[in-house]
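At position 251 of the sequence shown the residue is numbered 252 (the working numbering), and the sequence of numbers has no breaks.
Using N, Cα and C, we set each Cβ at its ideal position, and we do this for glycine too.
One structure is given below, encoded as structure tokens.
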Amino acid sequence: MSRFIINGGNRVYGETRIQGSKNSVLPILAATVLVKGETVISNCPDISDVNATIKVLRYLGCKVTFENHTVTVDSTDMDKYDIPDDLMREMRSSVIFLGGIIGRMGKARLSTPGGCEIGLRPIDLHLDAIQRFGVNIKEEFAKIEFESVKPLEGTNISLSFPSVGATENIILTACLAKGTTIITNAAREPEITDLADFLNRCGARISGSGEGTIVIEGVENLHSVHHKVIPDRIAASTYMAAAAMTQGKIRLNSVIPAHIAPVIPVFEEAGCDISIEADSVTLTAPPRLKSIKTIRTMPYPGFPTDMQAPVMAMTTVCRGTSVIIETIFESRYKHVSELLRFGAKIRVDGRMSVIEGVDKLTGASVISSDLRGGAALVLAGIAAQGITTVDDIKFIERGYESMENVLGSLGCDIKKEEREITDEYGDDQGAKSSSA
Ligand code: EPZ
């Protein structure tokens, strides 16, 4: 188990290039199974979720290489249609393979993806939608079997919630189906548009991505392309929060400013100065942040739920009281109990959290329990006075490429330490169990 050791109190200062988007590269890699041939995906972040996705592709029979942030997938010899339980457990968002596997193989089998640290993560919207293509679905013994007894046929689907994953799975199922599919109340996240752009360059016919209604006209087959993944808007926003809460100044290069538009008003309300150029954004923090009246997480283009935890960390040192309402996930406040260890003052009541800003945080020993919550703990650590240790950083490494190197290059004193699993009294787990 590895951890970060942080000596806090330094200003975040300088410029950094933002990694490729985790939430864009995962569905695009899943979509490569629809292309009988080789596809080249560049600007892929070197994160554990990408490596987990590559494991699934290789299990399915694809040949995959990953070097210099470029993944090359040759799915010509793909010969499986199931995702084994251990791979589903390693990354529950492997459910995003569903539409591609059904589109390519006409059938699919996967274990019911469990919940995770931020919520139950049901997939009812995925299943209801896929059934409308004429796919039979059978659920038993924690396995879900999908089979289309005849060629997939386009259909009309109105989502009760603009689910990102469900929208992506519908697009993947519809690409090679016969006829037209119309999705209403589709998710509008930039990652949906990046997926549609990739597929259209492979020969698909998808229009309306980024809008509430997406139209997919099925085609016979898709061909190889080289695609560059968009920058990660959540990673960009996370590092902006790091500069904001350390009286710093940061210039983010290779970002798409429009994608981070939903978070800019929050940083401006806190007193930060933001300047925008074609593919870069610069944030200059004030000597003391002002509190944020209310942040309500919403589907894009609203404030992103993935920035709730990092921005909560920022509000812990604002002057005044801030309110955050998490409307997307039902239990996305696991980071609060750990933030309290820094001396933060936070109260949670259901979906609402009230953060009373303090003058200073003090270093603490904390444990990360999910990706964005873990990032919030690192932000608190770099702002706090004294030493912070953040354990279980495997969650953070799912989505942020070498966060310690990025923050280190911006003036932070942060080191990664590989750790044996021992208890604080020096016994290792094995010794403890044998002495028991
Ligand atoms: C994607 O998850 C992202 N993950 C999440 O990012 C992000 O938080 C989320 O979209 C919302 O923006 C990836 O893209 C890999 P949803 P997804 O389906 O697709 C409910 C991160 O930190 N729902 O839009 O799973 C669901 O429970 C991760 O990078 C159903 O009820 O999100 C949630 O309350 C975390 N039934 C809400 O909808 C369904 O069938 C939003 O889920 C599907 C979803």
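Three-state class that DSSP yields for residue i in the structure shown
i    : result
E148 : strand
K335 : helix
R133 : coil
S255 : coil
L223 : strand
H228 : strand
D371 : coil
E270 : helix
I394 : coil
T101 : For the sequence presented, residue 101 should be read as Gly rather than Thr. Helix, per DSSP.
A376 : helix
A345 : coil
V36  : strand
S210 : coil
R420 : coil
L340 : helix
R399 : helix
V264 : coil
I19  : coil
Host alpha helix (DSSP H) of residue i (start-end)
i    : result
I235 : 234-245
L88  : 86-91
E169 : 165-175
S410 : 404-410
A205 : No alpha helix (DSSP H) contains A205, which DSSP labels as neither H nor E.
S49  : 49-60
L27  : 23-32
Cβ neighbour criterion (16 or more within 10 Å) applied to residue i
i    : result
G462 : Here the chain has residues from 2 to 437 only, and residue 462 is not among them.
N24  : buried
T182 : buried
M246 : buried
L121 : exposed
V26  : buried
K456 : Summary: the structure shown does not reach residue 456, with the chain confined to residues 2 through 437, and so no result is reported for it.
N44  : buried
Q430 : Confidence at Q430 is low in this model, with a pLDDT of 47, below 50, so its placement is unreliable and the value that follows should be read with caution. So Q430 counts as exposed.
H127 : buried
E327 : buried
R348 : exposed
N170 : buried
R333 : buried
F142 : exposed
E192 : buried
H260 : buried
T77  : exposed
E221 : exposed
V150 : exposed
Bridge partners - residue i, DSSP secondary structure assignment
i    : result
Y14  : K250
Q386 : T363
V117 : This sequence places Cys at residue 117; Val is not what is there. Paired residues: G120.
L284 : I251, I275
F199 : DSSP lists no partner for F199.
N186 : None; N186 has no bridge partner.
S43  : K229
D350 : M353
R297 : I326
I138 : F147
D125 : Beta-bridge pairing links D125 to no other residue.
E154 : K179
V312 : Per DSSP, none; premise fails for V312.
Host beta strand (DSSP E) of residue i (start-end)
i    : result
F439 : Only positions 2 to 437 of the chain appear in this structure, which leaves residue 439 out of reach.
F67  : 64-68
E357 : 353-357
F5   : 3-9
T71  : 71-75
K81  : Looking at the DSSP string, K81 is not in any beta strand (DSSP E), and its letter there is neither H nor E.
N157 : 157-159
K108 : 108-112
T317 : Segment: none, T317 is in no beta strand (DSSP E) and carries neither H nor E.
V324 : 322-326
Counting Cβ pairs closer than 8 Å, one from the region 203-220 and one from the region 130-141, do we hit at least three? Cβ pair count under 8 Å is below three, so no.
Touching by the beta-carbon criterion (3+ pairs, under 8 Å), the region 309-328 and the region 262-279: yes
Tell me whether the region 337-351 and the region 373-393 touch, counting them as touching only if at least three CB pairs, one residue from each stretch, are closer than 8 Å. yes
Using 8 Å as the threshold, is the region 64-77 in touch with the region 86-97, meaning 3 or more CB pairs across them? Counting C-beta pairs closer than 8 Å gives fewer than three between the region 64-77 and the region 86-97, which falls short of the contact rule.
Could you say if the region 225-241 and the region 162-175 meet the contact criterion of at least three C-beta pairs nearer than 8 Å? no
Three or more C-beta pairs under 8 Å: does that hold for the region 278-286 against the region 297-311? Taking 8 Å as the limit for Cβ pairs, the verdict is that the region 297-311 does not touch the region 278-286.
Three or more C-beta pairs closer than 8 Å, one from the region 2-10 and one from the region 173-180: is that the case here? no
So, does the region 271-278 touch the region 40-59, judging by three or more C-beta pairs under 8 Å? no
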